[in-house]
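Colleague:
Encoded structure:
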């Protein structure tokens with residue numbers, strides 16, 4: 277009887293350990309990485325562009341886009357893919373450009389996420405294209 281209890285206890289511990297390992301090793305497929313930006317020159321930057329490079333397993337499908345998600349308020353800022361290239365490892369290297377706003381001497385933290393691509397409406401209109 278004591279052997280049976282020890283056996284079941286050992287099996288339970290092994291299964292519990294496997295479940296913990298599975299939960300800890302699961303990654304959020306939408307989160308690509310994190311980004312910390314520090315403004316150290318003492319100048320408030322109302323519109324600055326940050327270019328980053330990320331490595332991903334597969335390129336996003338058409339209804340997905342890269343975003344910076346502000347860790348303080350969960351605000352999403354859509355990025356633009358500048359260039360993508362398949363590496364020899366089979367992963368893709370993707371260069372992205374993000375507009376940011378940062379105050380003087382401020383540090384901001386973002387998550388780089390892959391989220392549903394939303395159409396951004398604008399009231400900007402191109403009226404005339406001239407030639408030089």
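Numbering (our numbering), first residue to last: 277 to 408.
Beta carbons are placed, not taken as given, at the ideal position from N, Cα and C, and that holds for glycine.
When you compare only the Cα positions, how much space is there between residue 342 and residue 351?
Modeller: Position 66 of the chain shown, counted from the start, is the residue given in the question as residue 342. Position 75 of the chain shown, counted from the start, is the residue given in the question as residue 351. Going from the Cα of residue 342 to the Cα of residue 351 covers about 13 Å.
Colleague: For residue 329, which option in 348, 370 and 336 has the closest C-alpha, if you only look at C-alpha atoms?
Modeller: Stepping through the chain shown from its first residue, residue 329 is reached at position 53. Ranking 348, 370 and 336 by Cα distance to residue 329 puts 370 first.
Colleague: What do you get for residue 366, buried or exposed, if any count of 16 or more other CB atoms within 10 angstroms of its CB means buried?
Modeller: Numbered from its first residue, the chain shown carries residue 366 at position 90. By the 10 Å Cβ count, residue 366 comes out exposed.
Colleague: Taking residue 310 and residue 356 to be in contact with their CB atoms under 8 Å, please state how far apart those CB atoms are, rounded to whole angstroms.
Modeller: Position 34 of the chain shown holds residue 310. Position 80 of the chain shown holds residue 356. Actually they are not in contact, since the Cβ atoms of residue 310 and residue 356 sit about 20 Å apart, beyond 8 Å.
Colleague: Considering only residues of the same chain and omitting the five flanking positions on each side of residue 321, which have a CB-CB separation below 6 Å?
Modeller: As a first step, residue 321 is located in the chain shown; it is residue number 45 there, counting from the start. Within the same chain, residue 321 has close Cβ partners 378.
Colleague: Rounded to whole angstroms, how far is the Cβ of residue 390 from the Cβ of residue 308, which I believe are closer than 8 Å?
Modeller: Taking the first residue of the chain shown as position 1, residue 390 is located at position 114. Taking the first residue of the chain shown as position 1, residue 308 is located at position 32. Indeed, because the Cβ distance is near 6 Å, the residues count as touching under 8 Å.
Colleague: May I ask which residues mark the beginning and end of the beta strand (DSSP E) holding residue 395?
Modeller: Position 119 of the chain shown holds residue 395. Where residue 395 is concerned, there is no enclosing beta strand (DSSP E), given that its DSSP letter is neither H nor E.
Colleague: Residue 362 to residue 368, Cα distance in whole Å?
Modeller: Taking the chain shown and counting its residues from 1, the one referred to as residue 362 is at position 86. Taking the chain shown and counting its residues from 1, the one referred to as residue 368 is at position 92. Computed Cα separation, rounded: 4 Å.
Colleague: When you compare the CB positions of residue 344 and residue 376, do they come within less than 9 Å of one another, or not?
Modeller: Numbered from its first residue, the chain shown carries residue 344 at position 68. Numbered from its first residue, the chain shown carries residue 376 at position 100. Yes, the pair counts as a contact, with Cβ atoms nearer than the cut-off.
Colleague: Which same chain residues end up closer than 8 Å to residue 338 when comparing Cβ atoms and leaving out the 5 residues on each side of it in sequence?
Modeller: To locate residue 338, count along the chain shown from 1; it is residue 62. So the qualifying residues of the chain are 393.
Colleague: For the stretch 315-363, which segments carrying the beta strand (DSSP E) assignment without a break, of at least 3 residues, lie completely within its bounds, in sequence order?
Modeller: Runs found: 321-332, 340-346, 352-354 and 356-362.
Colleague: Below 9 Å between beta carbons: does that hold for residue 316 and residue 335?
Modeller: Here residue 316 is taken as the residue at index 40 of the chain shown, counted from 1. Here residue 335 is taken as the residue at index 59 of the chain shown, counted from 1. No, the Cβ-Cβ distance between residue 316 and residue 335 is not below 9 Å.
Colleague: Secondary structure at residue 377, three-state DSSP: helix, strand or coil?
Modeller: For this step, residue 377 is matched to residue 101 along the chain shown. Strand at residue 377.
Colleague: For residue 312 versus residue 382, is the C-beta spacing smaller than 9 Å?
Modeller: Position 36 of the chain shown, counting from 1, holds the residue named residue 312. Position 106 of the chain shown, counting from 1, holds the residue named residue 382. No, the Cβ-Cβ distance between residue 312 and residue 382 is not below 9 Å.
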